[in-house]
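Okay, structure first, notes after.
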Amino acid sequence: MQSSKLALEQLVDRVMAELEKRIAPRAADQDAAGAAGTGEFGGKAAEGNANGGAVGEKASTADVSGAGGDKAAAGGANDDSAEAAESEADGGSFGVRASHVPHPKWEEGLTELLASTPARIGVWRAGTRPLTRELLKFRYDHAAAVDSIYGTVSQPLLDRFGLFTVETCYGNTENYLKRPDQGRIITEEGAALIRATCKRKPQVQIVVSDGLSANAVSANLEDVYMSLIDSLRVQGLAAGTPFFVRGGRVAVMDHIGELLEPEALVLLIGERPGLVSSKSLSAYMCYRPRLGTVESSRTVLSNIHEGGTPPVEAGAHIGTIVRAMLEQRTSGVHLDI
12 MQSSKLALEQ LVDRVMAELE KRIAPRAADQ DAAGAAGTGE FGGKAAEGNA NGGAVGEKAS
72 TADVSGAGGD KAAAGGANDD SAEAAESEAD GGSFGVRASH VPHPKWEEGL TELLASTPAR
132 IGVWRAGTRP LTRELLKFRY DHAAAVDSIY GTVSQPLLDR FGLFTVETCY GNTENYLKRP
192 DQGRIITEEG AALIRATCKR KPQVQIVVSD GLSANAVSAN LEDVYMSLID SLRVQGLAAG
252 TPFFVRGGRV AVMDHIGELL EPEALVLLIG ERPGLVSSKS LSAYMCYRPR LGTVESSRTV
312 LSNIHEGGTP PVEAGAHIGT IVRAMLEQRT SGVHLDI
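Just so we're aligned, residue 12 is where the sequence shown starts under the working numbering, counting upward by one.
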């Protein structure tokens, strides 16, 4: 995560530097035009530059030396100047949660709100448009969300944990998005492979699926899975034969329940990506899942990622939840935890 933030920061710095190169010549031309009194508003611009006022068009250039090299900021309007100032105050890092709102009426409350949520609040604007830094961050996060949906989990990662792969009837990603029902049923070939490979009637069956975010599995599976296995061992519980389902939906656990008849089933699946996190994993748990199981009978631990529920802690907690499910012989809203 830290490396991706650094890469994004470098990308933004390069884009901003290129914008400054293009803006600076125009600003110099405007200064020259103002000094010569040319153009319809030339006189007003010259007067405004001389008096430091805000009459007519204003153009200014400023060179500021910093630790990261020379920074050039050129503004044709107050909003651009405000953006440059806020960008510099931001420290050049998206990891810093700082408000861009100038002179908030309740600064303490805004600070507390920023600390309580990663949502896009207090980002402010430059005139009628978003700040360049915030716009680039928005586009970056949106691209990451799209990549999560259309991405794939690497085979070496699955091989590391001995997970064989089966597919649902989803066909392709476009169909997966339009027909969620087809992601709930495993293909006939996959069902046959599960019957031939997996232990029947295990105490705990672990299943992994990419769901709506392959990136979530790639980023969190190692920590969650190893922690979960350790937790089950400590709880005195035995796990069946784990495997990976490509194109799975949450209710695919019902079909798997029919095939293997486990006491409890744990499905680690990628969550729907958002603009805050594209690497969020969920753990759905169900006691004796079967076709027709209602959603209220499932227990879920969601928001598993570096910025949410820590993956290692999540794996350990899943083990304790499964133990409670087996002791109480229930899950979902009826489970007392």
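Just so it is clear, CB atoms sit at the ideal spot from N, CA and C, and this is done for glycine as well. What you are looking at is a predicted structure, and each value in this text was computed from that prediction instead of being measured.
Terminal residues of the continuous alpha helix (DSSP H) containing residue i?
i, result
"ASN314", "Where ASN314 is concerned, there is no enclosing alpha helix (DSSP H), although the beta strand (DSSP E) it sits in stretches over 309-315."
"VAL256", "Counting along the chain, VAL256 falls outside any alpha helix (DSSP H), though it belongs to the beta strand (DSSP E) covering 254-257."
"PHE149", "143-161"
"TYR187", "184-189"
"ARG171", "166-171"
Could you give the DSSP three-state label for residue i: helix, strand or coil?
i, result
"LYS55", "Unreliable positioning characterises LYS55 in this predicted model, as indicated by a pLDDT of 43, which lies under 50. The coordinate reading is nonetheless provided below. It is helical."
"GLN216", "strand"
"VAL112", "coil"
"LEU337", "helix"
"ALA137", "strand"
"TYR298", "strand"
"ALA249", "coil"
"ALA262", "coil"
"LEU286", "coil"
"THR331", "helix"
"ILE196", "coil"
"LEU279", "strand"
"THR128", "coil"
Given a threshold of 16 other Cβ atoms within 10 Å of its Cβ, counted over all protein chains shown, does residue i qualify as buried or as exposed?
i, result
"ASP347", "exposed"
"TYR161", "exposed"
"LYS210", "exposed"
"SER127", "exposed"
"VAL277", "buried"
"GLN339", "exposed"
"LYS290", "buried"
"ILE132", "exposed"
"ASP170", "exposed"
"ASN231", "buried"
Report, in whole angstroms, the separation of the C-beta atoms of residue i and residue j, which I expect to be a contact under 8 Å.
i, j, result
"ARG195", "ALA262", "4 Å"
"PHE255", "SER229", "12 Å between Cβ atoms; not a contact."
"SER293", "ILE315", "7 Å"
"LEU239", "GLY326", "4 Å"
"SER313", "GLU282", "6 Å"
Provide the residue span of the beta strand (DSSP E) that contains residue i, from first to last.
i, result
"VAL177", "175-178"
Can you list, in chain order, the residues of its chain whose CB lies under 6 Å from that of residue i, leaving out five sequence neighbours each side?
i, result
"TYR395", "Residue 395 is absent from the model: the chain starts at 12 and stops at 348."
"ARG309", "TYR295, CYS297, GLY343"
Which residues in the same chain have their Cβ closer than 7 Å to the Cβ of residue i, if we skip the five residues on either side of it in sequence?
i, result
"THR341", "TYR298"
Any beta-carbon of chain B closer than 7 Å to the one on residue i?
i, result
"GLY247", "This model lacks chain B altogether, as it is built from one protein chain only."
I'd like the list of long-range same chain contacts for residue i, defined as Cβ closer than 8 Å, with 5 residues on each side in sequence excluded.
i, result
"SER165", "SER229"
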